[in-house]
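Input: a single structure, listed below in structure tokens.
Numbering (our numbering), first residue to last: 113 to 319.
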């Protein structure tokens with residue numbers, strides 16, 4: 113607040129915080145917000161499962177495997193993750209074999225087939241100034257997450273149409289003196305979280 117007042121004073125503007133007194137402890141906010149704790153997932157789990165089977169006879173061998181991977185995002189795990197489903201099958205069989213024949217004594221057939229399906233969703237963080245991680249790192253800890261002052265909420269209704277609320281309808285605190293940077297949780301909630309999917313199929317046959 114002191115720095116904002118000094119900036120406004122140097123620019124000949126009205127003080128943003130006229131009641132701020134550097135020597136009065138009561139003028140300092142008592143809020144202690146751990147933005148990293150609020151935003152980051154400290155228990156980002158990774159699930160990785162794989163099942164395989166193989167076998168064969170004197171005529172051929174085969175191998176098949178199936179896998180599943182689910183990785184939670186470190187930032188806003190409910191909005192960021194990576195999943196992959198995959199399957200693979202390969203085999204080699206002897207179609208014909210005649211050791212007494214000098215030409216084409218053995219004919220084998222083989223295949224190698226694989227398929228994968230992936231899903232990924234991430235938090236948009238393209239801006240160096242207003243991105244989720246930048247806001248998390250630079251927002252002061254003395255700023256509260258939510259705005260609960262009825263008078264301030266009236267100002268929000270008048271000046272900030274469509275201000276961001278959480279799933280329970282609580283208004284996120286607008287940190288307007290930080291200019292482009294916003295409340296990290298509000299930035300997270302309005303980020304462009306795009307679901308990306310991909311399917312890959314490969315097959316090789318040989319004779």
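Beta carbons are placed, not taken as given, at the ideal position from N, Cα and C, and that holds for glycine.
Check: Which residues mark the beginning and the end of the alpha helix (DSSP H) in which residue 334 is found?
Finding: Residue numbering for the chain in the displayed model covers 113 to 319; residue 334 lies beyond these limits and cannot be assessed.
Item checked: Closest by C-alpha distance to residue 172, when choosing among 249, 248, 206 -> As a first step, residue 172 is located in the chain shown; it is residue number 60 there, counting from the start. Of the listed residues, the one whose Cα sits closest to residue 172 is 206.
Next item on the list: Report yes if the CB atom of residue 198 is closer than 8 Å to the CB atom of residue 175, and no otherwise.
Entry: Translated into positions along the chain shown, residue 198 becomes position 86. Translated into positions along the chain shown, residue 175 becomes position 63. No. Outside cutoff.
Check: When you compare only the Cα positions, how much space is there between residue 232 and residue 116?
Finding: Indexing the chain shown from 1 puts residue 232 at position 120. Indexing the chain shown from 1 puts residue 116 at position 4. Roughly 41 Å between the two C-alpha positions.
Check: Considering only C-alpha positions, which residue in the set 315, 310, 314 is nearest to residue 196?
Finding: Within the chain shown, numbered from 1, the residue matching residue 196 stands at position 84. Of the residues 315, 310, 314, the one whose Cα lies closest to the Cα of residue 196 is 310.
Margin query: Considering Cα atoms alone, identify which of 317, 121, 194, 187 is closest to residue 150.
Written below: For this step, residue 150 is matched to residue 38 along the chain shown. Closest by alpha carbon: 187.
Item checked: Per DSSP, the bridge partner or partners of residue 165 -> If you number the chain shown from 1, residue 165 lands on position 53. Bridge partners of residue 165 according to DSSP: 176.
Next item on the list: Keeping to the same chain, check which residues put their C-beta closer than 7 Å to that of residue 260; ignore five residues upstream and five downstream.
Entry: Position 148 of the chain shown, counted from the first residue, corresponds to residue 260. Correct list: empty, nothing qualifies.
Notebook entry, point to check: What is the C-beta distance between residue 227 and residue 312, in whole angstroms, given that I count them as a contact (C-beta under 8 Å)?
Noted result: As a first step, residue 227 is located in the chain shown; it is residue number 115 there, counting from the start. As a first step, residue 312 is located in the chain shown; it is residue number 200 there, counting from the start. At roughly 7 Å, the Cβ-Cβ gap stays under 8 Å, so residue 227 and residue 312 are in contact.
Margin query: Excluding the 5 residues flanking residue 160 on each side, which residues of the same chain have their C-beta closer than 7 Å to its C-beta?
Written below: As a working mapping, residue 160 is identified with position 48 in the chain shown. If you ignore the 5 residues before and after residue 160, its C-beta comes within less than 7 Å of the C-beta of 181, all in its own chain and listed in chain order.
Next item on the list: Could you name the residues of the same chain whose beta carbon sits closer than 6 Å to that of residue 316, not counting the 5 residues immediately before and after it, in chain order?
Entry: On the chain shown, position 204 is the one that residue 316 refers to. The answer, listed in chain order, is 224.
Next item on the list: Sort 200, 284, 162, 222 by Cα distance to residue 302 and report the nearest one.
Entry: Position 190 of the chain shown, counting from 1, holds the residue named residue 302. In terms of CA proximity to residue 302, 284 leads the group 200, 284, 162, 222.
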